[in-house]
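Some notes on the structure that comes next.
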Amino acid sequence: MFNQEVLNELIKALGKDKVLSDREDLIAYSYDATAAVPRQEPDVVVTPTSTEDVVEVVKIANRYKLPIYPRGSGTNLSGGAIPLQKGIVLTTWKMNKILELDTDNLVATVQPGVVIQALNDEAMKHGLMYPPDPGTVSTATMGGSVSECSGGLKGLKYGVTKHYVMGLEVVLGSGEVIKWGGKTVKNVSGYDLTALFTGAEGTLGIITKILVKLTPIPEAKKSLLAVFDDLDKAGNAISDIIRHKVIPATLEILDKVTIGTVENFTHAGLPTDAEAVLLIEVDGYKEVVEREAPIVEKVCRDNGAVDIKVAKTDEERDKIWFARRNALPSLAQVKPALVLEDATVPRSKIPDIIKEIRKIAEKYNLLIGTYGHAGDGNLHPTIVIDPRDEDEVQRMHKAVDEIFHAAIGLGGTLSGEHGIGIGKVRYLPLEFGEAGVRVIRRIKEALDPNYVLNPGKMVLREE
Amino acid sequence: MSIYTSLDAVSEYVLNCTKCGNCQAVCPIFKEMLYEVAVARGKNSLVEVLLDGKAELTEGMAERFSLCTTCMACVANCPNAVPSDKIVLAARAEAVRRRGLHPIKKVIFRTLKLQRLFDFGMKVGSKFQGVALKRIEGKHYGARMRFNIGLGKEKVFPNLAAKPFRSQYPTVIKVDKPKMRVAFFTGCMINYFYTDMGKAVVDVLKVNDVEVVIPPDQGCCGIPASVNGDVPSAKALAKRNLKAFEEMGADAVIVSCSSGGTAWKHVYSELLEDEPEYKKLADKWAAKAYDINEFLVKVVPFKKEGLGRVERKVTYHDPCHLNRGQKINKEPREILKSIPGIELVEMKDPGRCCGMAGSFSIVHPDLSEKIGSKKIADIAGTKTDTVATACPACRLQLHSGVVNAGLDHEVVHVMQLLAESYAKGSMAAAAK
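Heads up: the protein sequence lines correspond to chains A and B, in order. Just so you know, the working numbering puts 359 at position 359 of the first sequence, and the rest follows in order with no gaps. Just so you know, the working numbering puts 1044 at position 44 of the second sequence, and the rest follows in order with no gaps.
What follows is the structure in structure tokens.
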């Protein structure tokens, strides 16, 4: 139970300026970026500046059996940062130092509160980059991003967060600190706990240090836009590009609904009669880009693209990506709230899932714009709703339910990059059965027997 | 119902805030404080619970609503285009309605309303400013506070003018064959501190065959009152200015400070929404209100012949309320680029708030200083000798920062450079 005594102990351990307990402050930690999930004000917010601070907080939380909710920038889309059972919100914002940028070993060591873009800005000075780029790259923290294993636009060629995390320092639920992994590419000592904590949504430990791999910035890139009057043709083009041994850095799709909405709000001259638009970017050495871009162009044409634009200048490139950048903002203009899902299927099933989503949208009379990372099968069916319209909210929940079933049915997953968090917990058996859920629970209880860490997310106590 | 009369006016805006957090990427206060309430979505969430009746508007909450420079960077970066600046202004007005105005602010705004008393005070102040302020040495003008009265001792203030700008000029400044007759709204900073800026505006307009009238009854623009939630004072000042300009009559009102421009173009109409007579007047003048840069590019294109060489390397800082508030950013650059000899070097992120934000810098001097120092670092990176801007408040902040950082930049309004160029041009012509 939270009481004055806990507050005093936190203040004693951390200092007054790292503890917030005024209601006027707590209100602003009751949410994250997720729509249509409950809000809850925490009892207290702490802002540690060191691993030692975090250890102190965990010890106090255990003593009083209070939940801790680790929080980066609160930009996640699965309710991961919401303090469902009150307790302590632990923000990592002030643990925001880039500790080392090792250009010999191509790794960086950062504290969890470093914003992804800040790491990229630093890496760029050395001709390097940290490829995972979720839409929130300029706000999300590394700690949150590793905990949610975020993906982004470059997943197809460069992979996602988990492919870049080489080592972690973690404060366990017990208050013990472990370090796992390191700067070596090869490392088979023990279980791969680095992989376990990556994407654990803060339910197993609090990440206090992160070692990530960096890669050289590609020398050149080229963007193309291909318009299709038929969804299957676009789908075939996606697979056919890969079959031609070209792996674009980015391969995005916008469906008809999204194109129409973007055009309606931006008047950028998009073909509103198109069934799908593909946005493709290849990158690498100049010579490679010069070879790959024409292949992509030809494949799109052979698969029946009705129009193809190849960017010749930076300005033209910006123009091509304008539509994609404006997908979310344009959909946001339609109604006040957006439910942004991330159903993911094998890339060959892209046309099927888009058609399924369209059927679901019709059935429940909802506006669902679908766009996303076609190259890696990760789509973002985005449902626009007015939260004041209860009937619409109910229909939205039913539609989401059916989208999950459709994705699993096509051999996909509930969540490509947003995480399980609050909303998808009860769907987990659908993906890996009751036995799978029990395994997750046993891992959770081995590391955090008191359910102190981010309770109510991803894994629930046995009922 | 306007944002100044009811918090309900922003309920739709608040609903549209999805808490995506994109505001964090650009909010200057958030970057210093790393604290959820500092950023737009945090304050929006406070307003949300207020509207839902789930919290009281406490003094603590009112304090948190002061954490905003209204720079509108969040608005520009918001996928839903939520006007979070307006939400904050509405919350401040609501706080004043429910809790009353801070006693010090009350005295200040009352004085601003009593233009004659204010004017007298400033004139007396110019004689005795040495008591509280210590002049800084060297080529820079200005002074620092001798003791810290809560404003911070570091800020370098400009010297109070011995004679206010409006006392230096006749009401009507005639030119031969005028193309237009414009009324100049000077604003307080130009009137009492930066008379050189006002002179530059008048000189440039004269060169361009524009007759200038300076309505004598004009006063404070009212923005300091409206952004602090003192709606009655803001309204009184708005009416005073509208009457003063209506009496003089002119084809346009010219403003050379960004708050004043916002006041004439947007705020007066909003403030006076429930007073039809004045609302009509406010709308009428809003339609012919121009920032001086805008006026010289779009209305009376400034003369390119007669421009003399000005050998300067210049970087330009975009005032928030001119750039995002009035969408004016190309015009000042166009003017700078057309001046022979000037090399314009863009700083990194010229549109980021300088941290002055009028009274914000008085309420939060340390934060203002920290935000400003980022801007000064960007200026230092340009290797220029002059900082141009288009707002006296920004000029104060930038000048203070430049002096404190030991930089050698001169900080001026774009009009001062244009006036300098015309002056050099006419000297060169005379020499021939």
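For every residue, glycine included, the Cβ atom is placed at its ideal position computed from N, Cα and C. For clarity, every value in this text was computed on a predicted model and none was experimentally measured.
For a test of the three-state rule: what should DSSP assign to residue i, helix, strand or coil?
{"i": "residue 450/A", "result": "coil"}
{"i": "residue 1055/B", "result": "coil"}
{"i": "residue 145/A", "result": "helix"}
{"i": "residue 1287/B", "result": "helix"}
{"i": "residue 50/A", "result": "coil"}
{"i": "residue 1410/B", "result": "strand"}
{"i": "residue 31/A", "result": "coil"}
{"i": "residue 1332/B", "result": "helix"}
{"i": "residue 216/A", "result": "strand"}
{"i": "residue 226/A", "result": "strand"}
{"i": "residue 1/A", "result": "coil"}
{"i": "residue 1010/B", "result": "helix"}
{"i": "residue 461/A", "result": "coil"}
{"i": "residue 221/A", "result": "strand"}
{"i": "residue 194/A", "result": "helix"}
{"i": "residue 1302/B", "result": "coil"}
{"i": "residue 36/A", "result": "coil"}
{"i": "residue 1200/B", "result": "helix"}
{"i": "residue 353/A", "result": "helix"}
{"i": "residue 1001/B", "result": "coil"}
{"i": "residue 1142/B", "result": "coil"}
At least one CB of chain A closer than 9 Å to the CB of residue i: is that the case?
{"i": "residue 1037/B", "result": "yes"}
{"i": "residue 1229/B", "result": "no"}
{"i": "residue 1419/B", "result": "no"}
{"i": "residue 1020/B", "result": "yes"}
{"i": "residue 1094/B", "result": "no"}
{"i": "residue 1034/B", "result": "yes"}
{"i": "residue 1347/B", "result": "no"}
{"i": "residue 1356/B", "result": "no"}
{"i": "residue 1041/B", "result": "yes"}
{"i": "residue 1099/B", "result": "no"}
{"i": "residue 1009/B", "result": "no"}
Kindly indicate if chain B contains any beta-carbon less than 9 Å away from that of residue i.
{"i": "residue 35/A", "result": "yes"}
{"i": "residue 43/A", "result": "no"}
{"i": "residue 336/A", "result": "yes"}
{"i": "residue 387/A", "result": "yes"}
{"i": "residue 111/A", "result": "no"}
{"i": "residue 139/A", "result": "yes"}
{"i": "residue 117/A", "result": "yes"}
{"i": "residue 469/A", "result": "Residue 469/A is absent from the model: chain A starts at 1 and stops at 463."}
{"i": "residue 174/A", "result": "no"}
{"i": "residue 285/A", "result": "no"}
State the beta-bridge partners of residue i as determined by DSSP.
{"i": "residue 1211/B", "result": "1181/B"}
{"i": "residue 1315/B", "result": "1387/B"}
{"i": "residue 252/A", "result": "279/A"}
{"i": "residue 205/A", "result": "172/A"}
{"i": "residue 137/A", "result": "Its beta-bridge partners do not exist; DSSP assigns none."}
{"i": "residue 181/A", "result": "167/A"}
{"i": "residue 1189/B", "result": "Bridge partners of residue 1189/B: none, in fact."}
{"i": "residue 1047/B", "result": "None; residue 1047/B has no bridge partner."}
{"i": "residue 339/A", "result": "383/A"}
Chain E partners of residue i, CB-CB under 9 Å?
{"i": "residue 1028/B", "result": "The question asks about chain E, but that chain is absent: this structure's protein chains are A and B."}
- Query: Mind listing which residues of the stretch 83–109 of chain A have their C-beta closer than 7 Å to chain B's C-betas, in chain order?
  - Reply: Within the stretch 83–109 of chain A, the qualifying residues are 93, 94.
- Please name the residues in the stretch 351–369 of chain A whose beta-carbon is closer than 8 Å to at least one beta-carbon of chain B, in chain order. Correct list: empty, as no residue qualifies.
- Query: Which residue spans inside the stretch 278–332 of chain A form an unbroken alpha helix (DSSP H) run of at least 4?
  - Reply: Listed in chain order, the complete alpha helix (DSSP H) runs (minimum 4 residues) inside the stretch 278–332 of chain A are 286–302, 314–325.
- At a Cβ cut of 9 Å, what residues of the stretch 6–28 of chain A count as close to chain B, listed as they run along the chain? So the list reads 20, 22, 23, 24, 25, 27, 28, given in the order they occur along the chain.
- Segments of 3+ residues assigned as beta strand (DSSP E) that fall wholly inside the stretch 366–443 of chain A: Taking only runs of at least 3 residues, the beta strand (DSSP E) segments lying wholly in the stretch 366–443 of chain A are 367–373, 378–385.
- Item | Every unbroken alpha helix (DSSP H) within the stretch 1341–1380 of chain B, with a cutoff of 4 residues, ordered by chain | Qualifying alpha helix (DSSP H) stretches, in chain order: 1360–1363, 1365–1380.
- Task: Please list the segments of the beta strand (DSSP E) lying wholly inside the stretch 45–125 of chain A, counting only runs of 3 or more residues, in order along the chain.
- Result: As summarised for the stretch 45–125 of chain A, the continuous beta strand (DSSP E) elements at least 3 residues long and confined to that stretch are 68–71, 88–91, 98–102, 107–110, given in chain order.
- Minimum length 4: unbroken alpha helix (DSSP H) runs contained in the stretch 1016–1042 of chain B: Qualifying alpha helix (DSSP H) stretches, in chain order: 1028–1033.
- Task: Check distances from the C-beta atoms of the stretch 1066–1090 of chain B to those of chain A and list, in chain order, the residues that come in under 7 Å.
- Result: Of all residues in the stretch 1066–1090 of chain B, 1079, 1080 have a Cβ within less than 7 Å of some Cβ in chain A.
- Along the chain, which unbroken stretches of the beta strand (DSSP E) at least 3 residues long are found entirely within the stretch 1060–1095 of chain B? Runs of the beta strand (DSSP E) spanning 3 or more residues and lying entirely within the stretch 1060–1095 of chain B do not occur at all.
- Quick one, which residues of the stretch 305–336 of chain A are near chain B if we go by CB-CB under 8 Å, in chain order? Answer in chain order: 328, 329, 332, 333, 336.
- Task: Could you run through the stretch 49–79 of chain A and flag, in chain order, every residue whose CB is less than 7 Å away from some CB of chain B?
- Result: Contact annotation: in the stretch 49–79 of chain A, residues whose CB is within less than 7 Å of a CB in chain B are 73, 74, 75.
- When you check each C-beta in the stretch 252–265 of chain A against every C-beta of chain B, which residues fall closer than 7 Å? The residues in question: there are none.
- Message: Extract the residue ranges of the beta strand (DSSP E) inside the stretch 1203–1286 of chain B, only unbroken runs of 3 or more that lie entirely within it.
- Response: The stretch 1203–1286 of chain B contains these whole beta strand (DSSP E) runs: 1210–1213, 1252–1255.
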